[in-house]
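Protein chains in written order, with our numbering: chain A, 1 to 303; chain B, 304 to 1157; chain C, 1158 to 1356. We put the CB at the ideal spot given by N, CA and C, even for glycine.
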Ligand SMILES: Nc1nc2c(c(=O)[nH]1)N[C@H]1C(S)=C(S)[C@@H](COP(=O)(O)OP(=O)(O)OC[C@H]3O[C@@H](n4cnc5c(=O)[nH]c(N)nc54)[C@H](O)[C@@H]3O)O[C@H]1N2
Ligand SMILES: Nc1nc2c(c(=O)[nH]1)N[C@H]1C(S)=C(S)[C@@H](COP(=O)(O)OP(=O)(O)OC[C@H]3O[C@@H](n4cnc5c(=O)[nH]c(N)nc54)[C@H](O)[C@@H]3O)O[C@H]1N2
Ligand code: SF4
Ligand code: SF4
Ligand code: SF4
Ligand code: SF4
Ligand code: SF4
Ligand SMILES: [Mo]
């Protein structure tokens, strides 16, 4: 006799759903492009880091069920002088805030590229061109992405998220996203060809890595000790979220870009196809985050 | 608010069992932190509470019909929008029926429920349409009286029928039918306890027929088998049982569905519906085979030593000699080695005996004791065969029999038993097993209740005279026999007789007007299509209720009644084996805007319009037009007189008794008494014994045998295909009753999906949560419902909680958040209205076909 | 009162539910709402589609196929993950060993909700606060030295609440004498909601 143990998914209860997926997506772009900035010091990159990080922060802020209480929260934190440094979310907020500031600096430095000449522009530019700034910026970008994965691993209620594969998956897909954005920039004429061609090869490699990581994640989850992780993975592979996995993550996110890249490597580049490939990749990065979030469920207490 | 008097706190007069914690819990529940402080220092007395603006009032719960003790904390001067009261169980551990269960807890939601009736309603659409206009009480009374006048003039008073459940059995429900001299007060029984009640009457006699009159002694029980009883009510019994369990008591439930109470370390014996008799006869077989019975009890206190003729009738003196008494039965005296009269005190009736006797007409017949016949009868019910019939296992039957004998256990004699049409045999079998165990009226056995002797407010003598406790007297002719008892002489009430008279016209006369005093009909009576047909055909339908039940949509007039927590109540604590009464104080006013009225006042208003003289004779006075005056001057006087009568009977000071009732909410007049029936007091059966072989139905020609036997359920077509099932129902302790079933929380806590066993689901390819279509094998009714695949129901059976599914009142679609009440099924859509001819019992189980939707 | 890091609670209050005594009547479930969130009596916890109560009811079957019932609520874990993950320290332990919420510090991120291995929290639709046992009504009761509402509501004596640090408390005595367990013992949270297995 078998009766399915009651499975409670977190999304209807905790509401970590699409909004958080978008947030993660913006972090992925903001983080990935900060790394790219080491090499590609272009206005578009700097501005995108800033805007993506700002949008991400805004999204997560308004996802707070009690965002209007933030002033009081801050006041209480300062008053008590106690900060929960053990909380990834708290650390994350700091990392992202720093990232926003660094992004703002980078954007400031590139203001003259778009015809604005703010005060101290030269000095800021000088600083951002230095290895120190670029190193910190890149490192913080990596941290932001890693944080957004670790955040999930620390949500002990949701065993599907408990694997170290998630931060890795987040990192790889963040790189994918960054490369896709660069390709888009190329199509739009915002970066030059050299960057883009390197990007395409890189993208193919990253896609392969990402495919491996996604499959590894599904495999690990399907064979996990935890019933909730298994059930969540089943949901992703063959259940109500299968469309997201196969259509979104694998299809749009991986199959389409790989196919197009293969075509272009053989028959030559096409700006149109590059654009399609990049958008498709970026969508895949979003779907990946959404699918992992939506499949999260609590371990059934009655086995 | 008044300041607290801390000096008074020192006095600490106990507040009737209410713990400080209990009171404070409730106060805090409603954000009454100020009042909650009262309890942090101890238990204050009532004066202190009152000065602080609060009161503590006891009441009884009527969320199901069990009337458990509740206690309310009341805010004396609530500000607008403040909840004026909060309810919780009476915390007195000695309370014989301490509340509160999940349904009781819904009372706070019922009081001001959006489904609460608030104004008299008059139908403006066709019956069933649910279209009403609000009218004044005056208009309602005038019009109803007018229509009744015409109806009575044309068809006589007998054309009016009054039906209801607990309220109609209480004083409140009696004023109108008795004042009118109406014969047809036909309550709910055939859908509830009729099989058990008739079986108990046959075996134990009329005073011990009603479900609460005989009950296991829960507190001292060692082992109880519950065939088809969930013990979800009265919940107070669970408290008693918890005490017994702490001392090692065990329980087992024989039931096609797993009752919630079985979660509490109970054994669940899944079975096929309608086979309880077979299972229990298998148990009896083992008891007899292994000599595990109480021989002395059987010889002395049962009619098993009585001699039977070959036709199954008892051998009487009238059989043997001219002028012999037909009520004198013959036994074989082992001492004198001769036949003797059963009243012969010197004789030692032999249990086993068989011989040939010469009847007065010279014929010779073989006679044998009922015991001998039992041995042969039980030979057919080996554990193997009983298990095969009931779809249980022989080892279980053997084990249950041994446990019953070793622990001196008891088999519960059922409450709700009207399920399959063959249920009287099940209860006869229950009584047979208990008889074999000899466990009557002993601690932990099947005991007889002692009543406190609360006099009714109004009563009718056999000659038709109606008297009130206040000295009112109304001479009326004898009302004559009830319509249902004309058709089913053994019944305690068979409402289907009314349906027959209206729908089929095959009755002595037809009912034309129906008063529903507290009855759901749709949740209560089988075969919804017939009920609808009846309601459509009647000349007049009046509903008095507290909630907008589905049946309201079919009424010409709907009259909003007050609820038990809004009126004071004095009633026998029906489920207490010890003599006890409960007294409830009105906890609260009706919810704001609700023009609800006491049933007795409603009754008088109708009566005084039709027969002013009768109303006056029963005590009505013009100033009672004011309902508060009526309550103060009339109802209060009745209660006063009743308390005085109780005090006199139990030699108590009436003032003290009144105070005690106010303080504790109840009074127990004495302990449970053991060893009375049948030891000191003979049961009023034909033989004066516990008739394990029921003489009455055999003598009346109603049955061939006085022993229980297994016959296949005949109230519905038995399933024969893989997709056919018996659909059974029963109550959820968390939310199903006619009242609690409509509570907001019940939508979640008493799931209205239909349960299916995983084996069956797999076979039919149905998954948990899937929607299927059910169609009644007999009624053809089709409905869609969600299936819950669960091991809590036996294979071949579907289960649905009663009262929680398939509500169809139109109002629901207009109420936000109550939409789930309309989902699920009402098992009565599929149930037939076949009545067991011998007992008059209906059957609520049904059979259905399940169709997977594409 | 919020304990400082490293400070030990003076009492370790704990809940106990006897699965062998519980008859599944849900009086505790409804009383919990009535006591702690009366505003939710006519409103569902939409997240789970159920009664907005700090007690949740689960049904299942044992390995032997026997139907079982589980009532669950916050276990006031000694190593509470919800406390570790809350970014603003809104979740804290008090001097009674109870895991509490400082609503002033709560921004409603629901990290505590996803961090709880026991799925004990629900989100209030009006305030956005992560709700769980003990609610404000019960906290006030306990402060007054009394038992919480669910314990008092139970008609089957299936619930208790008391101090594990006091060897004479009824919970300590029960846990000494009766077989019991906690849920997901490997969660690392060190839960204090005890399920007693015999009457
Ligand atoms: N929740 C709730 N409780 C109530 C009431 C209420 O309205 N709601 N009303 C009160 C009233 S009026 C009554 S009469 C009592 C009734 O209380 P009980 O007599 O305890 O009966 P139910 O709780 O209705 O449970 C009936 C059980 O019978 C089982 N059953 C169905 N068919 C068969 C069968 O053929 N054989 C066997 N062995 N079992 C079968 C069902 O599965 C169900 O579990 O409850 C009282 N308490
Ligand atoms: N399928 C199926 N059918 C069943 C059963 C089953 O288990 N399954 N159970 C059967 C049993 S055991 C019984 S007893 C019947 C019960 O069926 P009913 O007798 O119809 O049910 P009750 O719960 O007594 O509710 C009667 C009505 O009284 C109203 N009421 C409550 N309090 C008051 C009051 O103070 N004044 C007035 N005027 N009205 C009030 C309620 O709102 C309700 O509408 O149903 C039977 N039918
Ligand atoms: S069993 Fe529950 S619903 Fe019925 S009277 Fe008792 S407390 Fe009320
Ligand atoms: S049970 Fe959950 S909410 Fe309660 S303390 Fe433990 S982790 Fe926190
Ligand atoms: S919802 Fe509130 S209490 Fe929970 S983790 Fe977020 S801030 Fe902390
Ligand atoms: S202690 Fe209070 S808040 Fe906690 S579950 Fe019990 S009733 Fe609810
Ligand atoms: S009140 Fe008691 S018996 Fe009822 S469900 Fe809760 S714990 Fe179980
Ligand atoms: Mo009943």
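When we look at the beta-carbon of residue i and count the other beta-carbons within 10 Å, is it buried (16 or more) or exposed?
i, result
"residue 1309 of chain C", "buried"
"residue 251 of chain B", "The first residue shown for chain B is 304 and the last is 1157, placing residue 251 of chain B beyond what the model contains."
"residue 313 of chain B", "For residue 313 of chain B, the predicted structure reports a pLDDT of 29, less than 50, and the residue's modelled location is therefore unreliable. A value from the coordinates is still provided. Counting Cβ neighbours within 10 Å, residue 313 of chain B comes out exposed, since fewer than 16 surround it."
"residue 75 of chain A", "exposed"
"residue 1303 of chain C", "buried"
"residue 1169 of chain C", "buried"
"residue 488 of chain B", "buried"
"residue 317 of chain B", "Caution is warranted here: a pLDDT of 37 is assigned to residue 317 of chain B, below 50, making its placement in the model unreliable, and no coordinate value can be reported."
"residue 564 of chain B", "buried"
"residue 932 of chain B", "exposed"
"residue 345 of chain B", "Only weak support is given to the placement of residue 345 of chain B: the predicted model assigns it a pLDDT of 48, under 50, and the value that follows is read from those uncertain coordinates. So residue 345 of chain B counts as exposed."
"residue 512 of chain B", "buried"
"residue 219 of chain A", "exposed"
"residue 14 of chain A", "buried"
"residue 135 of chain A", "exposed"
"residue 21 of chain A", "buried"
"residue 852 of chain B", "buried"
Give the residues of chain C in contact with residue i, contact being defined as C-beta atoms less than 9 Å apart.
i, result
"residue 93 of chain A", "1244"
"residue 167 of chain A", "The contacting residues do not exist; residue 167 of chain A stays about 16 Å from chain C at best."
"residue 156 of chain A", "1238, 1239, 1241, 1242, 1271, 1272, 1273, 1274, 1344, 1345 and 1346"
"residue 654 of chain B", "Chain C residues near residue 654 of chain B: none, gap ~40 Å exceeds 9 Å."
So with CB distances below 7 Å, who are the chain B contacts of residue i?
i, result
"residue 1188 of chain C", "408"
"residue 1356 of chain C", "548, 549 and 568"
"residue 1226 of chain C", "566"
Any idea which residues DSSP pairs residue i with across the strands?
i, result
"residue 464 of chain B", "B/817"
"residue 633 of chain B", "B/644"
"residue 804 of chain B", "Paired residue(s): none; residue 804 of chain B is not in a bridge."
"residue 1229 of chain C", "C/1213"
For a contact defined as C-beta to C-beta under 8 Å, what are the partners of residue i on chain C?
i, result
"residue 66 of chain A", "1263, 1264, 1265, 1284, 1285 and 1286"
Residue i versus chain A: which residues are under 8 Å apart at the beta carbon?
i, result
"residue 1293 of chain C", "The premise fails here: residue 1293 of chain C is roughly 17 Å from chain A at the closest Cβ pair, so nothing lies under 8 Å."
Anything in chain C within Cβ reach of residue i, meaning under 7 Å, just list it in chain order.
i, result
"residue 561 of chain B", "1224"
"residue 235 of chain A", "Those do not exist, as residue 235 of chain A stays about 17 Å from chain C at its closest Cβ, beyond 7 Å."
Against residue i, what residues of chain B qualify as contacts under a CB-to-CB distance less than 9 Å, listed in chain order?
i, result
"residue 1200 of chain C", "1047 and 1120"
Exercise for review: Could you name each continuous alpha helix (DSSP H) segment of 4 residues or more that falls completely within the stretch 356 to 442 of chain B, going from the start of the chain to the end?
Suggested key: 405 to 408 and 410 to 414
Point to revise | Whole beta strand (DSSP E) elements within the stretch 948 to 1022 of chain B, 3-residue minimum | key: 969 to 971
Practice item. Measuring from each Cβ to the nearest heavy atom of ligand 3, keep the ones under 5 Å and list them in chain order. Key: B/364, B/366, B/367, B/369, B/371, B/402, B/403, B/404, B/406, B/407, B/536, B/537 and B/538
**Study point:** Ranges of the alpha helix (DSSP H) found wholly within the stretch 1271 to 1336 of chain C, counting only runs of at least 4
**Key:** 1293 to 1300, 1306 to 1310 and 1327 to 1334
Check your understanding: Can you give, in chain order, each stretch of the beta strand (DSSP E) that sits fully within the stretch 552 to 579 of chain B and has at least 3 residues?
Key -> 553 to 557 and 570 to 572
Exercise for review: Output the residue ranges of the beta strand (DSSP E) runs that lie fully inside the stretch 1165 to 1199 of chain C and measure 3 residues or longer, sorted by chain position.
Suggested key: 1170 to 1175
Practice item. Go through the stretch 181 to 215 of chain A residue by residue and report every complete run of the alpha helix (DSSP H) that reaches 4 residues or more, in order. Key: none
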